[in-house]
Structures are given as C-alpha cells and as structure tokens.
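For the protein sequence lines, the chains are A and B, in the order given. Quick note on my numbering: the first sequence kicks off at 298 and runs consecutively. Quick note on my numbering: the second sequence kicks off at 154 and runs consecutively.
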Amino acid sequence: AQSVSQHNHHVILSEAASLELGCNYSYGGTVNLFWYVQYPGQHLQLLLKYFSGDPLVKGIKGFEAEFIKSKFSFNLRKPSVQWSDTAEYFCAVNLYSGGGADGLTFGKGTHLIIQP
Amino acid sequence: SQTIHQWPATLVQPVGSPLSLECTVEGTSNPNLYWYRQAAGRGLQLLFYSVGIGQISSEVPQNLSASRPQDRQFILSSKKLLLSDSGFYLCAWGTNTGELFFGEGSRLTVL
Numbered sequence: 298a299q300s301v302s303q304h305n306h307h308v309i310l311s312e313a314a315s316l317e318l319g320c321n322y323s324y325g326g327t328v329n330l331f332w333y334v335q336y337p338g339q340h341l342q343l344l345l346k347y348f349s350g351d352p353l354v355k356g357i358k359g360f361e362a363e364f365i366k367s368k369f370s371f372n373l374r375k376p377s378v379q380w381s382d383t384a385e386y387f388c389a390v391n392l393y394s395g396g397g398a399d400g401l402t403f404g405k406g407t408h409l410i411i412q413p
Numbered sequence: 154s155q156t157i158h159q160w161p162a163t164l165v166q167p168v169g170s171p172l173s174l175e176c177t178v179e180g181t182s183n184p185n186l187y188w189y190r191q192a193a194g195r196g197l198q199l200l201f202y203s204v205g206i207g208q209i210s211s212e213v214p215q216n217l218s219a220s221r222p223q224d225r226q227f228i229l230s231s232k233k234l235l236l237s238d239s240g241f242y243l244c245a246w247g248t249n250t251g252e253l254f255f256g257e258g259s260r261l262t263v264l
C-alpha cells in the first residue's frame, strides 16, 4: 500500500523566514499530488496540486511545491512566511491508475507555528 | 458552485449508543464521496468511499458503516459506539483527478 511521509511534525518559524516542508511518497507509478492546509477552526482547503507538466507548481498565498520524480518527493515552499500561515499542512497522494475515485492518502501533517 | 455540508458539527454520545452523521453535496451530480477520520498527529484516515448510489467501499475494518441512499447524500453510522470511535470525521466529495473538497467536519465524543 502506498504511504506518504511528512518529515516534520512541528515547525516553528519567525515571520519572514523561508519555509520548506518535506513530503515523500512510496508509490512508483503515476501519481497526482496535493498539499492541503487547515487553518485554526477552519476546514481543509487545497493549497496546490500537481497532475503533470511543469514540476514546479504554484498555489494560493505564495506557496509553491516542486515534484521531483526521482526522489518521490513533493516539498512545499514559501520564501517568506507570515503569521497568518500558522496552520496544519497535509501532503496527499492519489494513484493515477485508480482513476481518482479511491481517495487520497494523506501524510500525518505538519503543524506550523509562525511567531510574530 | 459546489457546496458540501455535514452535520451535526459536534456530538456527545454514550458508549453503546447509535450514530448517524450526514453529509450532502450540492451543485454537482454523481460525485465521488468520502468519509475520513482525523486524529491529532495521525493525519487523515480514509474510512469509506462511494462512486455511486448504493456503492460503498470500506478501507478499514471498523465499528462503523456507511450508506449512500441518494446521489448526493452520504451517511456514516454505527449501531453501538465504542470509546475508540471518538474523533473528528470529515466528509468530502472528489473529482476523478483525486482532488477532494471537504466539509466542516463533525467532532464526536463518546463517553
């Protein structure tokens, strides 16, 4: 079964610092990749997604992620974080061969705290 | 535009009591529907998914069951709740690319 690993469970940064959250998945086939964010008291929402094409994808709020197929990785980055980026971040993978219907496999999440 | 609603938002139930969490989607037809459970530090665990009315796939053996009586309605149930069923339950609808859109969640506490 496929699995998704997020390397950092808790990250604390100061405002304006750069951010990189690691994500690796175990499946070797074609995958669709996602990052979701859950702000305090809010529902999960999509940050960005990768299906094919340019491996560097840009999402909302200045976030971007790079798909490196050889490393089975899809790391999330932001050059300069803000206090409002405090949230839980989840990496997720879908097997392309599954036709998308069998759901996403999520990592355990990274709790990001931005200190003013 | 599509919207998804689930209720109740919070629920406190005694051990051994039944459970029914409901989820409805508007603005799309024949959506893929999902129930996930979110636990702190453990991410989201897929419980059930459905690709059509009456079609339910179970991912993890549970004290829970799911049903899809109508195209845009997905119900999570239990006949007798256990303490271990406490958690935050999320309903989602999905596209064929795997992208999911989540509801607000239902927090269940079993005492």
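The C-beta atom is built at its ideal place from N, Cα and C for all residues, glycine as well. It should be emphasised that the depicted structure is a prediction, and the values quoted were computed from it without experimental measurement.
Notebook entry, point to check: Quick one, which of W246/B, Q191/B, D238/B, Q198/B has its alpha-carbon nearest N183/B's?
Noted result: Against the second sequence, residue 183/B aligns to sequence position 30. Just measuring C-alpha positions, the residue of W246/B, Q191/B, D238/B, Q198/B sitting nearest N183/B is W246/B.
Next item on the list: Would you mind telling me which residues of chain E sit closer than 7 Å to F403/A, beta carbon to beta carbon, in chain order?
Entry: Structure shown: chain E not included; protein chains present are A and B.
Note to self: Give the list of continuous beta strand (DSSP E) stretches no shorter than 3 residues that lie fully inside the region 165 to 235 of chain B.
What the structure shows: 172 to 179, 185 to 192, 196 to 205, 208 to 211, 218 to 223, 226 to 231
Next item on the list: List the residues of chain B whose Cβ lies closer than 7 Å to the Cβ of H340/A, in chain order.
Entry: As a first step, residue 340/A is located in the first sequence; it is residue number 43 there, counting from the start. F255, G256, E257, G258, listed in chain order.
Notebook entry, point to check: How would you call E252/B, buried or exposed, if buried means at least 16 neighbouring beta carbons within 10 angstroms?
Noted result: On the second sequence, residue 252/B is found 99 positions in, with the first residue counted as 1. So E252/B ends up on the buried side.
Notebook entry, point to check: Tell me, which residues are paired with G240/B by DSSP?
Noted result: By 1-based counting over the second sequence, the position of residue 240/B is 87. For G240/B, which the question treats as bridged, DSSP gives the partners L261/B.
Item checked: Given 8 Å, three or more beta-carbon pairs between the region 323 to 331 of chain A and the region 383 to 393 of chain A -> yes
Next item on the list: Out of Y386/A, G406/A, W380/A, S302/A, state which residue places its alpha-carbon closest to the alpha-carbon of A313/A.
Entry: As a position in the first sequence, residue 313/A is number 16, starting the count at 1. Selected option, being the one with the closest Cα: W380/A.
Next item on the list: Could you tell me whether the Cβ of G251/B comes closer than 7 Å to any Cβ of chain A?
Entry: Here the question's residue 251/B lines up with position 98 in the second sequence. G251/B counts as touching chain A.
Next item on the list: Can you tell me the Cβ-Cβ gap for F371/A and F360/A, rounded? I've got them flagged as a contact below 8 Å.
Entry: For the purposes of this step, residue 371/A is taken as residue 74 along the first sequence, with counting starting at 1. For the purposes of this step, residue 360/A is taken as residue 63 along the first sequence, with counting starting at 1. So it is not a contact: roughly 12 Å between Cβ atoms.
Checklist line | Neighbouring residues, chain A, relative to N185/B (Cβ below 9 Å) | finding: By one-based count along the second sequence, residue 185/B stands at place 32. What N185/B touches in chain A: G397, A398, D399, G400.
Notebook entry, point to check: For G207/B, does the count of other Cβ atoms within 10 angstroms reach 16, so buried, or fall short, so exposed?
Noted result: Taking the second sequence and counting its residues from 1, the one referred to as residue 207/B is at position 54. Exposed, because fewer than 16 other Cβ atoms sit within 10 Å of the Cβ of G207/B.
Checklist line | Rounded C-alpha distance that separates S210/B from I228/B | finding: Indexing the second sequence from 1 puts residue 210/B at position 57. Indexing the second sequence from 1 puts residue 228/B at position 75. Between S210/B and I228/B, the C-alpha separation is close to 13 Å.
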